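Student:
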Amino acid sequence: MGRTVVVLGGGISGLAASYHLSRAPCPPKVVLVEGSERLGGWIRSVRGPGDAIFELGPRGIRPAGALGARTLLLVSELGLDSEVLPVRGDHPAAQNRFLYVGGALHALPSGLRGLFRPSPPFSKPLFWAGLKELTTPRGKDPDETVHSFAQRRLGPEVASLAMDSLCRGVFAGNSRELSIRSCFPSLFQAEQTHRSVLLGLLLGAGRGPQVDSALIRRARAERWSQWSLRGGLETLPQALNTHLTSRGVRVLRGQPVCGLSLQAEGHWKVSLGDSSLEADHVVSAVPASVLSRLLPAQAAPLAHALSTIPAVSVAVVNLQYRGARLPVQGFGHLVPSSEDPGVLGIVYDSVAFPEQDGSPPGLRVTVMLGGSWLQTLEARGSVLSQELFRQQAQHAAATQLGLKEPPSHCLVHLHKNCIPQYTLGHWQKLEAATQFLASRRLPLTLAGASYEGVAVNDCIESGRQAAARVLGSEPNG
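Under UniProt numbering, the letters of the sequence shown match residues 1 to 477, in that order.
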């Protein structure tokens, strides 16, 4: 009898794990269990008036690096090459990003020349921050907050404006709480290895073997900054589901897992309410806090470590305007917490992907709301109405982009606890979890955004690595 592997969670991580398990030379029996009625997790695309596409979650994937290349390879294996919408390197959405500071939009400097020019909102050319970085000694702590790291190496302005905004844009989090080691491992490693972030990033580029395909070569040749799919990013999890079904993977939807228990012979019993599954191995691609509540008493130390990985909520407001124009052309802008505690940033969807504007085309932007403003409302038990988020988003679009007319279409979605927070010392939580799994030889492998990266590429890679561990080509952990 072959092994049975149960994968918990039908988001992109669980789908990727199931995909790679199903493509093994001697694949195990794979059962994918999803609590809701749909697959794809936070990746969700909906059609609006005139067939315009609105992304309720991630809206573009970066092709850079080994992880970006692997995702493009997956796209090709699924037969989606013709659906790809690239943002080429010479496009305004690739070249222009903005900060909203002091009631105005400021273009972030790009290219070498930009470092030597005055670049508001920074008081001096960023060359001086770079010079400081090159002459700052290596940090001695095993971890540090993003803010502390940036302030020490690049100065207070870069820390409080650029890195604060970046943490809000990527993690919807607070740079004074997030870990540099876990949130931006390449920056942490560059300092550790080369004593300088700038030197480390320069010297460390392009190392290691990379996968190859026609789509990957095209992305490199055209210097893509990101890409999407014609029908929206949800096309990717939909294609994965179709592929899994064709490979004999059993996909269960609307089946929330109630608990996990270890049987005497070392197998898992996965309880699904009025039924259960037997598994030789479990891959968990649900959030760490969710898994912590499912684990049996024998795994209490693991459950405790996982329960301390927090997550924050984000309200995503999609707006479409008829006959409106943006004051600038670019990917979008971020807003530091000192400027507005609730508005994380605004993405200019129509600039990057005009093909998704619908017919007749309308200007699409997405306002991201969260931060301390939303956390305070949640902590108070305030009523989080769609109207509240709609008003906040329309006010931000009017104030920050001059879009003062009411939108022709508006979608509001509150994603509760959608982005895990890698706070200071996150690496120790992962180490504790890994050591527990290894010492107890538990047939359980962790995947998903709770651990080593929240971007779509990171999640797909975590699923691939989880499958590799289950199949025995990598040590368990």
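Ideal Cβ positions, reconstructed from N, Cα and C, are used throughout, including at glycine.
Since we're looking at a predicted model, the values are computed, not measured.
1) For PRO125, which residues of its own chain have a beta-carbon under 7 Å away from its beta-carbon, when the five flanking residues on both sides are left out?
2) Given a threshold of 16 other Cβ atoms within 10 Å of its Cβ, counted over all protein chains shown, does LYS429 qualify as buried or as exposed?
3) Would you kindly work out how many angstroms separate the C-alpha atoms of LEU363 and GLY448, rounded to a whole number?
4) Do THR366 and PHE127 count as a contact pair if the criterion is CB distance below 9 Å?
5) On the criterion of 16 or more Cβ atoms from any shown chain inside 10 Å, does THR145 qualify as buried, or is it exposed?
6) Could you compute how far the alpha carbon of LEU369 sits from the alpha carbon of GLU265?
7) Is the number of C-beta pairs between the region 235-254 and the region 28-39 that are closer than 8 Å three or more?
8) Report the rounded CA-to-CA distance for THR423 versus LEU294, giving the unit in angstroms.
9) Taking only runs of the beta strand (DSSP E) that begin and end inside the region 58-106, which ones reach a length of at least 3 residues, in chain order?
10) Inspect the CB distances between the region 90-100 and the region 306-322 and report whether three or more fall short of 8 Å.
11) Mark GLY381 as exposed unless 16 or more other C-beta atoms lie within 10 angstroms of its C-beta, in which case mark it buried.
12) Could you say which of GLY463, PRO361, ILE346 and GLN394 lies nearest to LEU105 if we only look at CA atoms?
13) Which word fits PRO420, buried or exposed, when buried means at least 16 other C-beta atoms lie within 10 angstroms of its C-beta?
14) Would you list the residues sitting across from ALA311 in a DSSP beta bridge?
15) Below 8 Å, how does it come out for the region 403-419 and the region 225-232: are there three or more Cβ pairs, yes or no?
16) List, from N- to C-terminal side, the beta strand (DSSP E) runs of 3 residues or more that fit wholly inside the region 329-387.
17) Would you kindly check if the distance between the Cβ of ARG464 and the Cβ of HIS20 is under 9 Å?
18) Could you check the C-alpha separation between GLU339 and SER450 for me, to the nearest Å?
19) May I ask you to verify whether the region 10-27 touches the region 282-290, counting CB pairs closer than 8 Å and requiring at least 3?
20) Does DSSP classify TRP268 as helix, strand or coil?
21) If you draw a straight line from the C-alpha of PRO443 to the C-alpha of ASP51, how long is it?
22) In terms of residues, what are the limits of the beta strand (DSSP E) holding VAL33?
23) DSSP three-state label for GLN465, please.
24) Would you call the CB atoms of PRO341 and SER313 closer than 9 Å?
25) Report yes if the CB atom of PRO336 is closer than 9 Å to the CB atom of SER165, and no otherwise.
26) Taking just the CA atoms, how far does PRO28 sit from PRO310?
27) For CYS410, which three-state DSSP category applies?
28) Put CYS167 into one of helix, strand or coil per three-state DSSP.
29) Along the beta strand (DSSP E) that carries ALA279, what are the first and last residues, could you check?
30) What is the DSSP secondary structure of PHE389, counted as helix, strand or coil?
31) When we look at the beta-carbon of ASP212 and count the other beta-carbons within 10 Å, is it buried (16 or more) or exposed?
32) Measure the beta-carbon distance from VAL101 to ALA129 and round it to whole angstroms, keeping in mind my assumption that it falls under 8 Å.
33) Whose C-beta lies closer than 8 Å to the C-beta of LEU134 among residues of the same chain, with five residues either side of it excluded?
34) Which runs of the alpha helix (DSSP H) spanning at least 4 residues fall entirely within the region 114-187, listed in chain order?
35) Can you tell which of VAL170, ASP143 and GLN255 has the C-alpha that lies nearest to the C-alpha of GLY57?
36) Applying the 10 Å Cβ sphere with the 16-neighbour rule, what's the burial state of GLY79?
Tutor: Per the coordinate set shown:
1) LEU115, PHE116, ARG117, PRO118 and SER119
2) buried
3) 33 Å
4) no
5) buried
6) 49 Å
7) yes
8) 23 Å
9) 84-87 and 98-101
10) no
11) exposed
12) ILE346
13) buried
14) PRO420
15) no
16) 332-334, 343-347 and 363-369
17) yes
18) 29 Å
19) yes
20) strand
21) 46 Å
22) 29-33
23) helix
24) no
25) yes
26) 33 Å
27) strand
28) helix
29) 276-279
30) helix
31) exposed
32) About 16 Å separates the two Cβ atoms, so there is no contact after all.
33) SER196, LEU198 and LEU199
34) 127-135, 146-154, 164-171 and 180-183
35) VAL170
36) exposed
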